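Residue numbers in the first sequence follow the working numbering, run continuously in steps of one, and reach 263 at the last position. Here's the structure we're looking at; comments come further down.
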Amino acid sequence: MTMKIATWNVNSIKVRLPHVLDWLNGHRPAVLCLQELKCEAGNFPLEAVTAAGYHALIAGQKAYNGVALLSLQPGSDPVIGIPGFEDPQQRVIAATYGEVRVISVYCPNGESLTSEKYGYKLRWFAAFRNYLEATLMRYPLLVVAGDYNVAPEDRDVYDPVAWKGEVLCSDAERAAFAALLKLGLKDSFRLFEQADKSYSWWHYRVNAFKRNMGLRIDHILASDALVPSCSSCTIDKGPRALERPSDHAPVFAEFSDSSSPNS
DNA sequence: ATGTCTCCTAAGAGGAGA
Numbered sequence: 001m002t003m004k005i006a007t008w009n010v011n012s013i014k015v016r017l018p019h020v021l022d023w024l025n026g027h028r029p030a031v032l033c034l035q036e037l038k039c040e041a042g043n044f045p046l047e048a049v050t051a052a053g054y055h056a057l058i059a060g061q062k063a064y065n066g067v068a069l070l071s072l073q074p075g076s077d078p079v080i081g082i083p084g085f086e087d088p089q090q091r092v093i094a095a096t097y098g099e100v101r102v103i104s105v106y107c108p109n110g111e112s113l114t115s116e117k118y119g120y121k122l123r124w125f126a127a128f129r130n131y132l133e134a135t136l137m138r139y140p141l142l143v144v145a146g147d148y149n150v151a152p153e154d155r156d157v158y159d160p161v162a163w164k165g166e167v168l169c170s171d172a173e174r175a176a177f178a179a180l181l182k183l184g185l186k187d188s189f190r191l192f193e194q195a196d197k198s199y200s201w202w203h204y205r206v207n208a209f210k211r212n213m214g215l216r217i218d219h220i221l222a223s224d225a226l227v228p229s230c231s232s233c234t235i236d237k238g239p240r241a242l243e244r245p246s247d248h249a250p251v252f253a254e255f256s257d258s259s260s261p262n263s
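Below, the structure written as structure tokens:
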């Protein structure tokens, strides 16, 4: 028996609700981490999600950002944000499902290396690293899934020469991502053989999706203690080809049920 | 290729953010 844990930057839950409901019904993930809700918690389409059989924990705000955890079983011990890091931007929500702690995260974009938002991005990553370090001590079975706004390696970029040093690909951003892995986390996608030119985000402009001009910036990190139970990680490009798509595709990882003995 | 999509304010388009 396996359970799926998935992540999807939906770029407005209001607009993408039909896609999300279809995907939930098709995959029945144990947990779906959402990013870029772009709505306040009170405007989240809770009834439709509940009717689909899902519980929801929501950290929303007007217009921008916003994250959620949808789940078949209710989560426990929810935490919103990064404790001790004051931030009006809703980017992080955590809860426990069975034995597993799950974090849905929307890392800052940064805009460009010369933007004030880039400095915020690097400060935010430092705080997030410290939060994950503390979280791992309390929850050895940890999944951190979301839009990291970092392409970790050149093979995660359709044109690494053009993107060299650009935001999402800069050395400092890649170092910030690597610092998360160094805590004892693995990029689940790279635990398995994957097709070349696998991406999770494509710009809306210039027919980028049809031309596969993409970046892999949505990741599911699994703690070292969870890695033995991880059996796959897949980018589902299907929803990106629909009418009115998000610019991101959902990503999901499968884990064997840790409740069975000797698993 | 200043290319697209979504939100906001505020009553028209234009700006912010990605």
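A virtual CB, placed ideally from N, CA and C, is assigned to each residue, including glycine. Bear in mind the structure is a predicted one, so any value in this text is a computation, not a measurement.
- Assignment of GLY66 by DSSP, reduced to helix, strand and coil, places it in the coil class.
- Residues of the same chain with a CB within less than 7 Å of the CB of SER71, apart from the 5 flanking positions on each side, are ALA30, VAL31, TYR54, HIS55 and TYR97 in chain order.
- Per DSSP, the unbroken beta strand (DSSP E) holding GLY146 starts and ends at 142 to 147.
- Annotated three-state conformation of GLY238 is helix, per DSSP.
- Taking C-beta atoms as the reference points, TYR106 and GLU173 fail to come closer than 8 Å.
- By the criterion of a C-beta distance shorter than 7 Å, ASP247 is surrounded in its chain by ASN11, TRP201, TRP202, HIS203 and TYR204, once the five residues flanking it on both sides are discounted.
- At a Cβ-Cβ threshold of 8 Å, PHE44 and GLY26 do not count as neighbours.
- In the displayed model, VAL100 falls within a strand according to three-state DSSP.
- Residue range 46 to 51 is occupied by the alpha helix (DSSP H) that includes VAL49.
- In this chain, the alpha helix (DSSP H) harbouring ASP22 covers 13 to 27.
- Restricting attention to VAL157, VAL150, PHE189 and PRO140, the CA atom closest to the CA of LEU183 is found in PRO140.
- For ALA51 against PHE85, the beta-carbon gap comes to about 35 Å, at or over 8 Å, which does not count as contact.
- Per DSSP, VAL206 lies in no beta strand (DSSP E) segment and is marked neither H nor E.
- Nearest in C-alpha terms to ARG101, of all of LYS38, GLU111 and VAL143, is VAL143.
- According to the DSSP secondary-structure assignment, VAL92 is paired through a beta bridge with VAL105.
- Excluding the 5 residues flanking it on each side, VAL79 has same chain C-beta neighbours closer than 6 Å at ALA94, in chain order.
- The residue from SER104, PRO88 and ASP156 with its alpha-carbon nearest to that of ILE217 is ASP156.
- CYS233 is bridged by DSSP to ALA253.
- For THR135, the enclosing alpha helix (DSSP H) stretches over residues 116 to 138.
- In this structure, the straight-line span from the alpha carbon of LEU34 to that of VAL92 is close to 10 Å.
- Judged by their CB atoms, ASN149 and GLY110 are nearer to each other than the 8 Å cut-off.
- Ranked by Cα distance from LYS197, the first of LEU226, ASP159 and PRO228 is ASP159.
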